[in-house]
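Q: Residue numbers (our numbering): 34 to 613. Note that beta-carbon positions come from the ideal geometry of N, C-alpha and C, so glycine has one too. Structure provided below as structure tokens; questions to follow.
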Amino acid sequence: MCPILRSELTAAYVERHRDSDYGFQQEFELLPDRFIDRTTRASDARENVYKNRYPDIKAYDQTRVKLSQVDGVLGSDYINANYVLGYKERKKFICAQGPMDTTVNDFWRLIWEQHLELILMLTNLEEYSKTKCAKYWPDKDESSKTFGNITVSHIQETRYSDFIVRELRLSKESGGREEERIISQYHYLVWKDFMAPEYPYGLIKFIKRMNEAYTSDKGSILVHCSAGVGRTGTLVALDCLIQQMAEEGHVTIFNTVCELRHQRNFLVQSLKQYVFIYRAIMEVAQYGDTEIEGVDIKATVEKLRQKDSNGVVKLQEEFDNIKDIVEDTKCCSVGSSEDNIEKNRSSSVIPYDRNRVILTPLLGKEHSTYINASFIEGYDNSESFIITQDPVEATITDFWRMISEQGVNVVVMLSEIGDNKCPRYWPEDESFYDHIKVRYVQAESCPYYTRRELFVKNRDSEDLHVTHLQYHGWPTVDGEVPEVTRGLIELVDHVQWTLNEHGSSASVVVHCGLGAERSSLFVGLSILVQQLRVEHRVDIFTVTRKLRLQRHALINSYSQYEFLHRAIVNYAELHGLCDI
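Structure follows, in structure tokens:
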């Protein structure tokens, strides 16, 4: 098929996406799954059949990786793995199935004999209650594990937003002396078998990290999922196509997948994965790389805020791009129903059904599971936050039910008490809200916020200690952002300190008027702070986009987007994390 120019990728995607992906379906069905010049004799040999995780996923003889022959052991040179070309790089990848208990020793032999230093793992050990891959490395609390004649020791691991990097030491006796090597395993955590990630940005960043760690003198990159074809092929295809687009200004998606399948059977296994490749490449073409290095954050943001030679402010252009992204429509049927509509402060901000907080139903009370509140993913993709509207008098009890049922230890209030504002929903001493008792203990005034301590008890449960932080630094005019960022920065730091003090992993409840503008700035800054501290870089564009996908009207104006940039720059300056 003809190459697709960078400028034509969006049109190509939209055209194929019509009529329930009819164009993609037609194109995917044209992909070959058999080649007359490819054989699988080694995979089919009686002594090797048990080494294949899935009977239909085999290694072509012409491209298979051969292990050294063990004397007297028939088939000991076989492992279900193939060399696969990268973009203009011969044997950049080895694509393999996830090892089984019976093949783990061979897996480590492959790594040792091929002098590999970089492993990409794209599966979890178990998915859908089925084993997808044997655990082939030692835990953090294990000193080492031995596989055949290779000993593997755990050095360290670092958890990022959606992947873990493990550093492992290999040792093997050879010629009377022990040889040691260090390898890295990049384990991507959020990709289910046969599926594609919901959004491309996480995998695109993962591929970027892979290429930062890779040099050709480190040997091939070993990539595996469970079968070593679907997720594995999707990543390899994307890596090739991203580089092709950068060098040539166009991509040959169909031809690239055909060529990959000629090297290992069924690479890019499902229609969803094929569609995902188109979407990911389209987004790379549209938005480019939006990460900012931590040390350069001040200079980079200053440059983004300036007009270029055409009078365009790059930061404004970025935000316009976010607003123009067409995402799939999300359903708000529960919050919009007649029975629940009066529980919302406004019909303009209603939680999506998919991530709304669901209360435990009350006996004898219909429609008692609804509250206008949404789970919001934090830096590590867990439900770190709940964004909700200010309670109204009729929903105060529901608010405390949510606090109790979710085990919340920290509440962040970004509004003021008053008529047509937020009611005082906590007692002066002690009160019952239906079956929930709330006891007020003490308050402390700080420069930017008031800290209150409360205890919440639900029938027979133990007292739940809740720290309530009310921020006072917001302008009184709706839609405006604070002129200075220091107050919100201190609040973000104090919330993290308080969570550590409680030893809490529960969601932080954040609320403001409609549960949108102010709350999204606090949550957005909290995520960016953690990203900066862990990765030493930030991606404000992607964090903003992810927030907007989870609740209506989050980061909804350019002034809010610009505030996030100012705030994270000031945070980096205050904590010595950037060049001044």
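Evaluate the contact criterion for the segment 441 to 449 versus the segment 502 to 510: three or more CB pairs, one atom per stretch, below 8 Å.
A: Result yes; three or more Cβ-Cβ pairs closer than 8 Å.
Q: Are the CB atoms of residue 52 and residue 308 within a distance shorter than 7 Å?
A: Against a cut-off of 7 Å, the Cβ pair of residue 52 and residue 308 comes out as no contact.
Q: Judging by CA-CA distance, which residue of 357, 208 and 216 is the nearest neighbour of residue 246?
A: Among 357, 208 and 216, the Cα nearest to that of residue 246 is on 216.
Q: Using only the alpha-carbon positions, how far apart do residue 68 and residue 286 sit?
A: Spanning the two alpha carbons is a distance of roughly 19 Å.
Q: Where does residue 115 land, buried or exposed, given buried means 16+ other C-beta within 10 angstroms?
A: Residue 115 comes out buried.
Q: Just the C-alpha distance for residue 452 and residue 263, rounded to the nearest angstrom, thanks.
A: About 57 Å.
Q: Could you give the uninterrupted runs of the beta strand (DSSP E) lying entirely in the segment 424 to 461, keeping only those of 3 residues or more?
A: Counting only runs of 3 or more, we get 443 to 446.
Q: Exposed or buried, what is residue 207 when buried is set at 16 or more other beta-carbons lying within 10 Å of its beta-carbon?
A: Exposed, since its Cβ has fewer than 16 Cβ neighbours within 10 Å.
Q: CA-CA distance, residue 499 and residue 381?
A: Residue 499 and residue 381: Cα-Cα distance of roughly 30 Å.
Q: Just curious, the alpha helix (DSSP H) that residue 75 is in, first and last residue?
A: Segment 74 to 77, the alpha helix (DSSP H) holding residue 75.
Q: Spatial neighbours of residue 487 within its chain, please: CB distance less than 7 Å, with the 5 preceding and 5 following residues excluded, ordered by chain position.
A: Closer than 7 Å at the Cβ level, and outside the excluded window around residue 487, lie 459, 471, 472, 473, 474, 499 and 501.
Q: Pop quiz: residue 611 and residue 330 are said to be a contact at Cβ under 8 Å. What is the actual Cβ separation, rounded to whole angstroms?
A: Yes, residue 611 and residue 330 are in contact; Cβ-Cβ is about 5 Å, under 8 Å.
Q: Does the Cβ-Cβ distance between residue 284 and residue 278 come in under 7 Å?
A: Yes. Within cutoff.
Q: Am I right that residue 554 and residue 593 are in contact with their C-beta atoms under 8 Å? What's the rounded C-beta distance?
A: About 6 Å separates the two Cβ atoms, so the contact holds.
Q: Is residue 489 near the ligand GTP - that is, is its Cβ less than 6 Å away from at least one heavy atom of it?
A: As far as ligands go, the structure on display features none, and thus does not contain the ligand GTP.
Q: Considering just the uninterrupted stretch of the beta strand (DSSP E) at residue 490, what are its terminal residues?
A: Where residue 490 is concerned, the enclosing beta strand (DSSP E) stretches over 482 to 491.
Q: May I ask you to verify whether the segment 317 to 332 touches the segment 59 to 76, counting CB pairs closer than 8 Å and requiring at least 3?
A: Output reads no: the segment 59 to 76 does not touch the segment 317 to 332.
Q: The beta strand (DSSP E) spanning residue 221 covers which residue range?
A: Counting along the chain, the beta strand (DSSP E) containing residue 221 begins and ends at 210 to 221.
Q: My output table needs one value for residue 25: the three-state DSSP class, helix, strand or coil.
A: Coverage of the chain is limited to positions 34 through 613, which leaves residue 25 absent and any answer about it impossible.
Q: Whole angstroms is fine: what's the gap from residue 426's alpha carbon to residue 414's?
A: Residue 426 and residue 414: Cα-Cα distance of roughly 33 Å.
Q: Determine which residues share a DSSP beta bridge with residue 179 and list them.
A: Answer is 184.
Q: If we ignore side chains and look at the alpha-carbon of each, how far apart do residue 289 and residue 248 end up?
A: Each residue's Cα considered, the two are about 22 Å apart.
Q: So which of 160, 338, 359 and 360 has the shortest CA-CA distance to residue 350?
A: Ranking 160, 338, 359 and 360 by Cα distance to residue 350 puts 338 first.
Q: What are the partner residues of residue 498, as DSSP defines its beta bridges?
A: Answer by DSSP bridge pairing, in chain order: 488.
Q: Of the residues 240, 392 and 573, which one's Cα is nearest the Cα of residue 435?
A: Comparing Cα positions, the closest option is 392.
Q: Taking 7 Å as the threshold (C-beta atoms), are residue 405 and residue 614 in contact?
A: Any property of residue 614 remains undetermined from this structure, which presents the chain solely from 34 to 613.
Q: What does residue 387 pair with, by DSSP beta-bridge criteria?
A: Per DSSP, none; premise fails for residue 387.
Q: What span of residues does the beta strand (DSSP E) with residue 196 cover, start to end?
A: Here the beta strand (DSSP E) through residue 196 covers 196 to 207.
Q: Looking only at C-alpha atoms, which of 260, 293, 147 and 252 sits nearest to residue 272?
A: That would be 293, whose Cα lies nearest to the Cα of residue 272.
Q: With a Cβ-Cβ cutoff of 7 Å, do residue 563 and residue 403 count as a contact?
A: No. Outside cutoff.
Q: How far does the alpha helix (DSSP H) with residue 333 in it reach, from first residue to last?
A: Its alpha helix (DSSP H) spans residues 330 to 337.
Q: Among 267, 479, 599 and 362, which residue has its Cα nearest to the Cα of residue 119?
A: Checking every option, the nearest Cα to that of residue 119 belongs to 267.
Q: Shortest alpha-carbon distance to residue 596 belongs to which of 519, 530, 190 and 50?
A: With distances taken between Cα atoms, residue 596 lies closest to 519.
Q: If contacts are defined as beta-carbon pairs under 8 Å, then residue 589 and residue 550 qualify, I think. What distance do you get, rounded to the angstrom?
A: With a Cβ gap of about 6 Å, residue 589 and residue 550 count as contacting.
Q: Check whether the Cβ atoms of residue 102 and residue 71 lie closer than 7 Å to each other.
A: Taking 7 Å as the Cβ cut-off, residue 102 and residue 71 do not qualify as a contacting pair.
Q: Roughly how many whole angstroms lie between the Cα atoms of residue 606 and residue 209?
A: When rounded, the distance between both Cα atoms is 54 Å.
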